[in-house]
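Below: one structure, written as structure tokens.
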Amino acid sequence: MNLYSRLLSYLKPYKTKFFLASACMILVSASSGAAAIIIQPILDEIFMKKDMAMLTILPAGVALIYLVRGFGRYYASSLMQVIGQQAVRDIRDKLFGHLQALSLRFYSSKQTGQLMSRITNDVQVIQDSVSIVVYDFLRESLTMIVLLGVVFYRDFELALVAALVIPFSGIFIGKLGRRLRVVSKESQEKMAELNSMLLENFTGIRVVQAFGMEEYEINKFKKGNQAYFETIKRMIKINELSSPLLEFIGAIGIAAIIWYGGGQVIEGKTTIGAFFSFLTALFMLYAPISKLSRVYNKIQQALAAAQRIFDLIDTPSLITDKPDAVALKPLERGVDIIGVTFEYDPGKPVLHDIDLHVDKGEALAFVGASGAGKTTLINLIPRFFEVGKGAILFDGHDIRDVTIKSLRGQIGIVTQEIFLFHDTIRNNIAYGHTEAKIEEVQRAAKAAYAHEFIMKMPEGYDTFIGERGIKLSGGQRQRISIARAIMKDPPVLILDEATSALDTESELMVQKAMSNLITGRTTFVIAHRLSTILNADKIVVLDKGKVIETGAHEELMNQNGYYRRLFELQYANSTETGSSRQAIS
1 MNLYSRLLSY LKPYKTKFFL ASACMILVSA SSGAAAIIIQ PILDEIFMKK
51 DMAMLTILPA GVALIYLVRG FGRYYASSLM QVIGQQAVRD IRDKLFGHLQ
101 ALSLRFYSSK QTGQLMSRIT NDVQVIQDSV SIVVYDFLRE SLTMIVLLGV
151 VFYRDFELAL VAALVIPFSG IFIGKLGRRL RVVSKESQEK MAELNSMLLE
201 NFTGIRVVQA FGMEEYEINK FKKGNQAYFE TIKRMIKINE LSSPLLEFIG
251 AIGIAAIIWY GGGQVIEGKT TIGAFFSFLT ALFMLYAPIS KLSRVYNKIQ
301 QALAAAQRIF DLIDTPSLIT DKPDAVALKP LERGVDIIGV TFEYDPGKPV
351 LHDIDLHVDK GEALAFVGAS GAGKTTLINL IPRFFEVGKG AILFDGHDIR
401 DVTIKSLRGQ IGIVTQEIFL FHDTIRNNIA YGHTEAKIEE VQRAAKAAYA
451 HEFIMKMPEG YDTFIGERGI KLSGGQRQRI SIARAIMKDP PVLILDEATS
501 ALDTESELMV QKAMSNLITG RTTFVIAHRL STILNADKIV VLDKGKVIET
551 GAHEELMNQN GYYRRLFELQ YANSTETGSS RQAIS
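Under UniProt numbering, read the sequence shown as residues 1 to 585, first letter to last.
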């Protein structure tokens, strides 16, 4: 399916409105033809023959023609613009829905600003174009057909003379349109780069100001903004070139008509009324041709945007449910990780043949240096990424054979990078449980030791916390995130640096809450501070994507291996800094 037909397919659900609008446009086009035809009797009957009866009838006819024309234009324009907006709304909904289904592998290779530009700026280009283009294209095409009929009806020979300029017009319009499409796509890409730059700057404004890099960022933005301006300037030049070219070509045609037709009037082969009726239709004909050239340019801009949007919609989701996928039942026995190998880039594995087993209710902790593969491994459990080789089993069921929703519904996650929505505290805690009662939300907050500070907020649980929870401290954001996981009450927990953002007192309180939460649940924990995982049932030591040691804390300490060295190094560092957080207990 080419871009034209694919874009137009979004109009299909609104075909009833489309047919009504088309009927109104036929009225508009027919009235344009009637306006050209009525010129002859006005000139011949009123001004040449002095017919008083026609002096009454024909002006009334003109008024009626333009009444019908105005009625048709209003309803055709209104209906077509609504249809265009509905189609664009559907495109935006489909694009956003598809983006929600794409895996983290896709997002890890894309800039957020680029994606935002596709769903805002590119869709906006289509929105601006479709609403106008659909209406103008059909209206001007129908008007042109009717007026061509009038022209050929009035004088076939003169019409052929006028038609000689049409091929030249088509050649120029085609060349300009193709060039405009290329430049339009380039401008949309430049705008996407600007959006990425803005998002990055706003997100990192604290770093920018801390390092005194405001001037550098301003210059970087100016450079990108200038590049966007240059593409827009080229677009304007190409777009505006079509009208004067068509006017010049049209003027040549009209000059030839006046010379040829004027001779026929002088020789008495036709009447002044007939010639001016023909000339009026011809003048009226060049207007829709000129507008169609602009419509064609708009279409090229819309197609450039559509190409970028459909490229995104056509991006396959790498993680989907199998046709025969079944719902996963609540965990009863345990989780097995069998021979798992994973790579982000082909030929560069970051996990090598991982074999692990955790029974239901056990806590499994992962430790290792940065880049050892801890986060990558736990990201495979909820299928944020797909296992490359091997399998992960829940009660013997390969997670690739069950529905994604049922799998993730059993897993609660508290991540190292806390994300909170620009919403109330209540809605952030109840995210995923929008119907939860306030009492349930409060219980979760109390379990995460967040209730006390929440009640001190201006609106309590109804306090808006700002974008990414900017109005809260790091520890407060962490506890809201933990409360959100507690609210879900899942059988499986993933805690990635779950207490890393808390102060000493808060961490102790939350660790107590976590101890209660973990009881009876299968838990996967990552922590750089080894003191936070001393009570784990099993500790897995990773190095360069491989399991090098496993066992409980005391077992690993007695092995005098990598884990003991890590632990003693952290304990030594904590002793030197006087930090009680690392103390052995």
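A virtual CB, placed ideally from N, CA and C, is assigned to each residue, including glycine.
Going by beta carbons, H352 and T341 fall inside the 8 Å limit. Closest in C-alpha terms to P349, from the list L377, D324, G334 and L328, comes L377.
In this structure, the beta-carbon distance from V150 to A36 falls below 8 Å.
Taken in chain order, the unbroken stretches of beta strand (DSSP E) that lie wholly in the stretch 346–385 and span 3 residues or more are 348–359 and 363–367.
Inter-residue distance for L142 and M25 is about 7 Å (C-alpha atoms, whole angstroms). E343 has its alpha-carbon roughly 31 Å from the corresponding atom of N535. Going by beta carbons, M457 and I418 fall outside the 8 Å limit. Minimum Cα-Cα distance from H553 among the listed residues L160, K446 and L364 corresponds to L364. Look at T519 here: in three-state DSSP terms it is coil, with no helix or strand label. In chain order, L104 and F385 place their CB closer than 8 Å to the CB of N379, counting only its own chain and leaving out the 5 sequence neighbours on each side. In the DSSP assignment, V88 falls outside any beta strand (DSSP E) and lies within the alpha helix (DSSP H) extending over M52 to A101.
Restricting attention to K546, R468, Y431 and S196, the CA atom closest to the CA of D489 is found in Y431. C-alpha of V68 to C-alpha of I205: approximately 59 Å in a straight line. Remark: C-beta atoms of R521 and P491 approach each other more closely than 8 Å. Residue A227 holds the alpha-carbon nearest to the alpha-carbon of A192 among D395, F152, A163 and A227. Listed in chain order, the non-local C-beta contacts of F524 below 6 Å within the same chain comprise L364, I378 and I494, local neighbours out to five positions each way being set aside. In the structure shown, the three-state DSSP call for I166 is helix. Per DSSP, I418 is not a residue of any beta strand (DSSP E), being assigned neither H nor E.
Taking the C-beta atoms as reference points, S242 is found no nearer than 8 Å to N201.
Boundaries of the alpha helix (DSSP H) harbouring F221: E214 to I266, taken from the DSSP string.
Ranked by how close their Cα comes to the Cα of W259, the residues L95, G545, L556 and A162 have A162 in first place.
Three or more Cβ pairs closer than 8 Å define a contact, and the stretch 326–340 falls short of that threshold against the stretch 109–119. Cβ neighbours of F464 within its own chain (closer than 8 Å, five residues either side excluded): H422, D423, T424 and K471. CA-to-CA, the gap between E215 and Q416 works out to about 32 Å. Contact between L199 and T112 holds, with the beta-carbon distance rounding to 6 Å and staying under 8 Å.
In this structure the stretch 310–322 does not lie against the stretch 247–257, because fewer than three pairs of beta carbons, one per stretch, are closer than 8 Å. Going by C-alpha positions, G475 is about 11 Å away from A448.
The residues R426, I429 and A430, in chain order, have a CB closer than 6 Å to that of V441 in the same chain once the five nearest residues on each side in sequence are set aside.
Residue pairing by DSSP places T424 opposite F464 in a beta bridge.
When rounded, the separation of the alpha-carbon atoms in A372 and A87 is 48 Å.
Straight-line measurement puts the Cα of D496 at about 24 Å from the Cα of E452. Burial check for E467: the Cβ neighbour count within 10 Å stays below 16, so the residue is exposed. Approximately 10 Å separates the beta-carbon atoms of D398 and A325; this is outside 8 Å, ruling out the contact. Counting the other Cβ atoms within 10 Å of the Cβ of Q40 gives 16 or more, which makes it buried. P346 sits exposed, since fewer than 16 C-beta atoms from the chains shown fall within 10 Å of its C-beta.
Inter-segment contact for the stretch 229–242 and the stretch 181–189 is present: three or more beta-carbon pairs are separated by less than 8 Å.
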